[in-house]
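> Take this structure, written in structure tokens, and hold onto it; I'll ask about it next.
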Amino acid sequence: MTLLFFLAAGWIFLAGVYGMVTSRNIIRTVGCLAVAQSSTYVLLLAVGFRRGGTSPYFTDTSTRTPVVDPVVQALALTDVVVGATVTALLLALALQLRKRHGTVDPDALTGLRG
Amino acid sequence: MSTADLLPLAIAIPLIGAAFSALVGSRLPRVATDLLVTVWAAAGVADLVVLWLRTGDGRAVSWLGGWRLRHGESVGIVLVNDRIGIGLALLTAVLVLAVIAYSWRYFDEPPAEHAGTFPALILLFDAGMCGFALTGDLFNAFVFFELMGAVAYALTGFRIEDPRPLQGALTFGVINSLAAYGSLLGIGLLYARTGELGFAQISQKLTGHRADALLLTAFVLVLTGPLVKGAVAPFHFWLPDAHAVAPTPVCMLLSGVMVELGVYGAARIYWIVFSGPHGIPQHVFHDTFVAAGVLTALVGAVMCWKQRNLKRMLAFSTVSHVGMFLVGLALLTPEATAGTALYVAGHAGAKAALFGVTGALLDRFGSVDEHSLYGRGRELPVGGVLFVLGGLALAGLPPFGTALGKAVAEHAAQSHSPWLLAVFVLASAATGAAVLRAALRVFAGAGRRPLDRHEVPETTGGGEEPEIRGPSRRVPLPMLAVPALLLAGSLAVGLLPAVSTQLAQAARLFTDRVGYVAAVYGHSHAAGMPPAADWTAEGIALGLTSVALAVAFACAALWAAPRGGGAHRVVAPLRRLHSGHMGDYVGWLIVGVAVLLVAVRAQL
Amino acid sequence: MSRRLRLALFWAAAVVFAVAFTAACTGLPDFGTLSHPYGSRAIAAAFHQRTANTISSVNFDQRAFDTLGEESILFAAVLGGLVLLRRARDERLAGVRRGRVLPSTRMFGSLLLPITLVTGVYIVAHGQLSPGGGFQGGVILATGLHLAYIAADYGVLKAIRPLAVLDAADAVGAGAFAVLGLVGLAVGAAYLQNVLPLGTFGQLSSGGLVPVINAAVGVEVGSGVVVLLAGFLDQAVEIVSPTGKDNGAGR
Amino acid sequence: MNGSYATSEYLIAVCVLLVTVTATVAALTPEPVRQALVLAMLGTALTLLFTVLQAPDVALSQLGVGAAVTPLLIMLTVRRVRRSSTQQRDRERQR
Chain A
1 MTLLFFLAAG WIFLAGVYGM VTSRNIIRTV GCLAVAQSST YVLLLAVGFR
51 RGGTSPYFTD TSTRTPVVDP VVQALALTDV VVGATVTALL LALALQLRKR
101 HGTVDPDALT GLRG
Chain B
1 MSTADLLPLA IAIPLIGAAF SALVGSRLPR VATDLLVTVW AAAGVADLVV
51 LWLRTGDGRA VSWLGGWRLR HGESVGIVLV NDRIGIGLAL LTAVLVLAVI
101 AYSWRYFDEP PAEHAGTFPA LILLFDAGMC GFALTGDLFN AFVFFELMGA
151 VAYALTGFRI EDPRPLQGAL TFGVINSLAA YGSLLGIGLL YARTGELGFA
201 QISQKLTGHR ADALLLTAFV LVLTGPLVKG AVAPFHFWLP DAHAVAPTPV
251 CMLLSGVMVE LGVYGAARIY WIVFSGPHGI PQHVFHDTFV AAGVLTALVG
301 AVMCWKQRNL KRMLAFSTVS HVGMFLVGLA LLTPEATAGT ALYVAGHAGA
351 KAALFGVTGA LLDRFGSVDE HSLYGRGREL PVGGVLFVLG GLALAGLPPF
401 GTALGKAVAE HAAQSHSPWL LAVFVLASAA TGAAVLRAAL RVFAGAGRRP
451 LDRHEVPETT GGGEEPEIRG PSRRVPLPML AVPALLLAGS LAVGLLPAVS
501 TQLAQAARLF TDRVGYVAAV YGHSHAAGMP PAADWTAEGI ALGLTSVALA
551 VAFACAALWA APRGGGAHRV VAPLRRLHSG HMGDYVGWLI VGVAVLLVAV
601 RAQL
Chain C
1 MSRRLRLALF WAAAVVFAVA FTAACTGLPD FGTLSHPYGS RAIAAAFHQR
51 TANTISSVNF DQRAFDTLGE ESILFAAVLG GLVLLRRARD ERLAGVRRGR
101 VLPSTRMFGS LLLPITLVTG VYIVAHGQLS PGGGFQGGVI LATGLHLAYI
151 AADYGVLKAI RPLAVLDAAD AVGAGAFAVL GLVGLAVGAA YLQNVLPLGT
201 FGQLSSGGLV PVINAAVGVE VGSGVVVLLA GFLDQAVEIV SPTGKDNGAG
251 R
Chain D
1 MNGSYATSEY LIAVCVLLVT VTATVAALTP EPVRQALVLA MLGTALTLLF
51 TVLQAPDVAL SQLGVGAAVT PLLIMLTVRR VRRSSTQQRD RERQR
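Residue numbers (full-length UniProt numbering), protein chains in the order written: chain A, 1 to 114; chain B, 1 to 604; chain C, 1 to 251; chain D, 1 to 95.
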């Protein structure tokens, strides 16, 4: 059953890719990219989970209760920031593209071919 | 200051420079900002030159934050590199300096209160590329991969008045980011198995497991990011769309070094992380990626030949060359690696110079369309000479660095699979020929006036807006001086024996996994003999053959009677695949991943 | 490529991907495994550095270089946003009509406003000892601020938001992080080495360089997010394109 | 002890399910405004998941970024696009 936690990451990634492949709206494409990215958070944190572990904060140095892996959390944190900033940049591009091209439909963006 | 400290400084210097430039850019006159940024970029170059000299034939290792190994384990990030990675970082820094000099009249566009923004972005780009070249940690590589990506998307879309750059940048961003997230999934899988993030540390832990589905999937996923950045077919679709529309100085960086970093990353990660015992066997990597490289080289060459938009032509020529670089690295021998390193250095100078001259054309005539520029370049004779030289360098004219690198790589390929020679010669000849054809048409008005045919979709390159606007219509001096210097650099790579011997020694280290791991763990390890990387009569003959072929192709295109028929039926569908459609490209990305998974699995 | 062909290709590739990923997951250690070698080392190192929040220790000390790269990406995105969302040559500013807010936006804003503001203040106040830190606090406060103005009035926001100062603060925050790394080199240690006095475990001043970098990140994130959002808001509310431009191939 | 592990694992399973479903819906939503709302839900679901996975730090970031900033940016982008379309329609009506 616990295998499903990891498989969920793969499913979410594919769902995001599916959305991007079928998208008729560039803003939606960017949104689907954000969905695909959330798969990485799920995988990282699932990998770092420790049965019976608590969150990795300590109030004093004597108690050493088992805690979950702090490294993947730091990685996921970085990942969240990276994802948000890239999404913002891509949305800025999409916004300007809509203004200049008058469309958000990838089928109608024919400026670069061949 | 120790050698190790120079490694993080190569990244910290441009980062601090970027913050400084953004901070004071709006408060200083333009000249002062430019001067300041030039000084920062030069400091970055100086740091890397010293690092190059001090590293010698060894490796520089720096444990960031002082988190050295204790009992063979560390919690920190390690920067570790030989002269291949340091050389790439140095190449980046030099190109950044050239670009800053080239673009001294560019980018007056953003509102005055943000005057320092463009140089700040260039310096951030510098830091991102240096970080990716120097790091020895998988997650850190992902972070710098994303840094150079994010900056590149913004720079590509710089001209917001024109929809094409915006579309190119958006495609670039979506495809590259998706690939990076794929890589991160792979990193997650590797972390779960090994509990490590450093290249060397993962490599050590992986030796304790057999090669199973997890290793295979992680291998393909981790490599997806670098391969997409490296524009390896079928991951290459974004590249022409982005490079054809980015501002010229940015193109110089994208084509000159960023794409090559992708291929470098893929080879480095394979060598250190996956090539150990119980890893992905060498013959698997060799067969898979030689095939991918050949496909890339041929697709790039054909598409390059069919372009009339000069920037798009140069972009496809980069695709073709990157394919050859991948072949060189996938041969997995020190000699082929040395050849590829030389080839990359020579190519960077030539390609950046060609983009530079194209920028001068764009500035002067507001077009990069080979057809509509017919004969108009006559008033720019210096540009014409530089463009022809650049084309000859791409084709591999001795003694350019491209010719030397190609000859060494060809020599290495020959002993393995002789048919690869034909690929190298044909691909370099075709890309050189396309540039020569365009040069003769544009700068000499040679051949018939080209006719516009509209049978296949194409991107013309007419109706571009000049990138800089000012009362003076003379081409600014740096826009021709910098390309000339870059070509001279490409020539120097071929002529200075020190460069080739030092890169040959570095190539021996690059292909030595055990030595790399030993360096990280602080053990000593004797390296083998460096390969020969020198001019040979055979290499010169092969170079001249490519050039002769290129000239013949170009002349045939200009003066021979046009023929329709067979070739067209093959090429038109290929051109139609380059649809500019984001959904298509995402589809190709996932298809490429699937093909790699199947191909590698089939060979295990 | 036609839509059908594209979908067919996707499904074929997706099946391969799904099979490979599933097979890979069977090779993973069980969910909730007790063996986390890097994690255990990181916890020991955090104790050694007297940093109660292990994640802060990893982010701002042990793997601070990652965070340096990450903050540079944010900095790049803010600069990129300034460039991409600038007013083009042919655009002008429109007078902002008061209270012209989409009802859905207003509802969205007012719903999230109290939650985000309270959370933001809480996180900033608790600093680096417990969950949270410069990034989280910065983002949540910056957003909360904006949600308030979206739900109310854009003119008020423009009057209050000191964009020039925030621009500078963003650059200072980003630069400060890279400069703080030099402190280690200056005293003969490594780049980004935590060479400040470590203090007492669990105290606000503990952790040496960690709270300092944390503060720099907080400044950068807080101001950067406001600047970035300002770019989008200006586009959404104020900047008007010339007649005809928006027509294009519109559908 | 085993009982409490099992409980927490059921909780995790529920959250993973919630995340998977909202992510799938978000990917399948064709219309950006609605997608922004679903993305906000996805952000919230991820926040919950991170909380039960004992990662409050990440949960807080996700709450700020995934549930607020990203959907907000999408809304603003859509709003700009809509405004363009409205202008366009106005112009067409004038003609």
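We treat Cβ as the ideally placed atom computed from N, Cα and C, and that holds for glycine.
How long is the line joining the alpha carbons of glycine 377/B and arginine 513/B, rounded to whole angstroms?
Walking along the second sequence from the start, residue 377/B turns up at place 377. Walking along the second sequence from the start, residue 513/B turns up at place 513. Spanning the two alpha carbons is a distance of roughly 51 Å.
> In whole angstroms, what is the alpha-carbon distance linking glycine 184/C and glycine 207/C?
Residue 184/C sits at position 184 when you count from the first residue of the third sequence. Residue 207/C sits at position 207 when you count from the first residue of the third sequence. Rounded to whole angstroms, glycine 184/C to glycine 207/C spans 15 Å at the Cα level.
> Do alanine 393/B and alanine 403/B have their C-beta atoms within less than 9 Å of each other?
Counting from 1 along the second sequence, the entry for residue 393/B is found at position 393. Counting from 1 along the second sequence, the entry for residue 403/B is found at position 403. Cβ atoms of alanine 393/B and alanine 403/B: closer than 9 Å.
> Thinking C-alpha only, which one of Ala427/B, Ala550/B, Ala360/B and Ala348/B is nearest leucine 436/B?
Reading the second sequence from its first residue, position 436 is the one you call residue 436/B. When only C-alpha atoms are compared, the closest one is Ala550/B.
> DSSP three-state call for serine 428/B: helix, strand or coil?
The residue you call residue 428/B lines up with position 428 of the second sequence. If DSSP states are grouped into helix, strand and coil, serine 428/B belongs with the helices.
> I want to know whether the region 229-237 of chain B touches the region 312-327 of chain B - three or more CB-CB distances under 8 Å.
Cβ pair count under 8 Å is three or more, so yes.
> How far does the alpha helix (DSSP H) with leucine 487/B in it extend, from its first residue to its last?
Residue 487/B sits at position 487 when you count from the first residue of the second sequence. Looking at the DSSP string, the run of the alpha helix (DSSP H) that includes leucine 487/B is 478-495.
> Please classify glycine 198/B: does DSSP put it in a helix, a strand, or coil?
Taking the second sequence and counting its residues from 1, the one referred to as residue 198/B is at position 198. It is a strand residue.
> Expressed to the nearest angstrom, what Euclidean distance is found between the alpha-carbon atoms of valine 600/B and alanine 164/C?
Translated into positions along the second sequence, residue 600/B becomes position 600. Translated into positions along the third sequence, residue 164/C becomes position 164. Rounded to whole angstroms, valine 600/B to alanine 164/C spans 54 Å at the Cα level.
> Report the neighbours of glutamine 96/A on chain C: residues whose CB is nearer than 7 Å to its CB, in chain order.
Taking the first sequence and counting its residues from 1, the one referred to as residue 96/A is at position 96. By Cβ distance, chain C contributes Leu84.
> Pop quiz: glutamine 167/B and glycine 111/A are said to be a contact at Cβ under 8 Å. What is the actual Cβ separation, rounded to whole angstroms?
In the second sequence, counting from the first residue as 1, residue 167/B sits at position 167. In the first sequence, counting from the first residue as 1, residue 111/A sits at position 111. Right, their Cβ atoms sit about 6 Å apart.
> Please compile the residues from chain D whose C-beta is within a distance smaller than 8 Å of the C-beta of residue 128/A.
Summary: the structure shown does not reach residue 128/A, with chain A confined to residues 1 through 114, and so no result is reported for it.
> Smallest Cα separation from leucine 90/A: which of Gly31/A, Ile12/A, Gly16/A and Gly10/A?
On the first sequence, residue 90/A is found 90 positions in, with the first residue counted as 1. The shortest Cα separation from leucine 90/A among Gly31/A, Ile12/A, Gly16/A and Gly10/A belongs to Gly31/A.
> Could you check where the beta strand (DSSP E) with tryptophan 63/B kicks off and where it finishes?
Working through the second sequence from its first residue, we reach residue 63/B at position 63. Its beta strand (DSSP E) spans residues 60-63.
> Just checking my contact of alanine 93/B with aspartate 137/B at CB under 8 Å: how many whole Å lie between their CB atoms?
Counting from 1 along the second sequence, the entry for residue 93/B is found at position 93. Counting from 1 along the second sequence, the entry for residue 137/B is found at position 137. Rounded, the Cβ-Cβ distance is 21 Å, inconsistent with contact.
> Hey, serine 183/B and phenylalanine 235/B are a contact pair by Cβ (cut 8 Å); roughly how many whole angstroms apart?
Translated into positions along the second sequence, residue 183/B becomes position 183. Translated into positions along the second sequence, residue 235/B becomes position 235. The Cβ separation is near 12 Å, so there is no contact.
> Under DSSP, the beta strand (DSSP E) around asparagine 140/B begins and ends at which residues?
Taking the first residue of the second sequence as 1, we reach residue 140/B at position 140. Element bounds for asparagine 140/B: not the beta strand (DSSP E) but the alpha helix (DSSP H), 138-156.
> Distance cutoff 9 Å, beta carbons only. Does valine 14/D sit that close to anything in chain A?
Position 14 of the fourth sequence, counted from the start, is the residue given in the question as residue 14/D. Taking Cβ atoms only, chain A never reaches closer than 9 Å to valine 14/D, which makes this a no.
> Looking at the C-beta of serine 38/A, does it have a partner C-beta in chain C at a distance below 9 Å?
Locating residue 38/A in the first sequence gives position 38, where the first residue counts as 1. Chain C contact via Cβ: absent.
> Hey, is tyrosine 38/C's beta-carbon within less than 9 Å of any beta-carbon in chain A?
Taking the third sequence and counting its residues from 1, one reaches residue 38/C at position 38. Yes, tyrosine 38/C lies at the interface with chain A (some Cβ there is under 9 Å from its Cβ).
> For the alpha helix (DSSP H) holding valine 382/B, just list the boundary residues, first then last.
For this step, residue 382/B is matched to residue 382 along the second sequence. Residues 381-395.
> I'd like to confirm the pairing. Which residues does DSSP put opposite residue 119/A in its beta bridges?
Here chain A comprises residues numbered 1 to 114, so residue 119/A is not present and cannot be evaluated.
> Can you tell me where the alpha helix (DSSP H) with asparagine 81/B in it begins and where it stops?
Translated into the one-based positions of the second sequence, residue 81/B becomes position 81. Here asparagine 81/B belongs to no alpha helix (DSSP H); instead the beta strand (DSSP E) covers 78-81.
> Give the list of continuous alpha helix (DSSP H) stretches no shorter than 4 residues that lie fully inside the region 283-349 of chain B.
If we require 4 residues or more, the alpha helix (DSSP H) runs fully inside the region 283-349 of chain B come out as 310-330.
> How long is the line joining the alpha carbons of alanine 602/B and alanine 213/B, rounded to whole angstroms?
As a working mapping, residue 602/B is identified with position 602 in the second sequence. As a working mapping, residue 213/B is identified with position 213 in the second sequence. Straight-line Cα distance between these residues: approximately 12 Å.
> Quick check: the Cα distance between valine 593/B and phenylalanine 285/B, rounded to an integer number of angstroms?
The count along the second sequence starts at 1 and reaches residue 593/B at position 593. The count along the second sequence starts at 1 and reaches residue 285/B at position 285. Near 15 Å, if we compare the C-alpha coordinates of phenylalanine 285/B and valine 593/B.
> Name the two residues that bound the continuous alpha helix (DSSP H) containing alanine 211/C.
Taking the third sequence and counting its residues from 1, the one referred to as residue 211/C is at position 211. In the sequence under discussion, the amino acid at residue 211/C is proline, which differs from the alanine named in the question. First-last of the alpha helix (DSSP H) with proline 211/C: 209-233.
> Per the DSSP calculation, threonine 135/B is bridged to which residue(s)?
Here the question's residue 135/B lines up with position 135 in the second sequence. Beta-bridge pairing links threonine 135/B to Leu79/B.
> With a threshold of 16 other CB atoms inside 10 Å of the CB of residue 684/B, please say whether the residue is buried or exposed.
Missing from the structure shown is residue 684/B; chain B here goes from 1 to 604 and no further.
> So histidine 581/B contacts chain A; which residues on that side make the cut at Cβ distance below 8 Å?
Within the second sequence, residue 581/B is the residue found at index 581, counting from 1. By Cβ distance, chain A contributes Pro106, Asp107 and Leu109.
> Strictly below 7 Å CB to CB, what residues from chain A border threonine 44/D?
Here residue 44/D refers to the residue found at position 44 when the fourth sequence is read from its first residue. Residues of chain A passing the Cβ test: none, with the nearest at roughly 12 Å.
> Count the C-beta pairs between the region 33-40 of chain A and the region 172-188 of chain B that are closer than 8 Å, then say yes if the count reaches three, no if not.
As far as the Cβ criterion goes, the region 33-40 of chain A touches the region 172-188 of chain B, which means the pair count is three or higher.
> Quick check: leucine 64/B and tyrosine 38/C, are their CB atoms within less than 9 Å of each other?
Residue 64/B sits at position 64 when you count from the first residue of the second sequence. Residue 38/C sits at position 38 when you count from the first residue of the third sequence. For leucine 64/B and tyrosine 38/C, no; Cβs fall outside 9 Å.
> What do you get for valine 21/D, buried or exposed, if any count of 16 or more other CB atoms within 10 angstroms of its CB means buried?
Translated into the one-based positions of the fourth sequence, residue 21/D becomes position 21. Valine 21/D is exposed by the Cβ-count criterion.
> The ligand GTP heavy atoms versus the CB of alanine 211/B: any closer than 8 Å?
Looking for the ligand GTP in the displayed structure turns up nothing, as the structure carries no ligands at all.
> Out of curiosity, what's the CA-to-CA distance linking phenylalanine 17/C and leucine 604/B?
Mapped onto the third sequence, residue 17/C falls at position 17. Mapped onto the second sequence, residue 604/B falls at position 604. Taking the straight line joining both Cα atoms gives about 17 Å.
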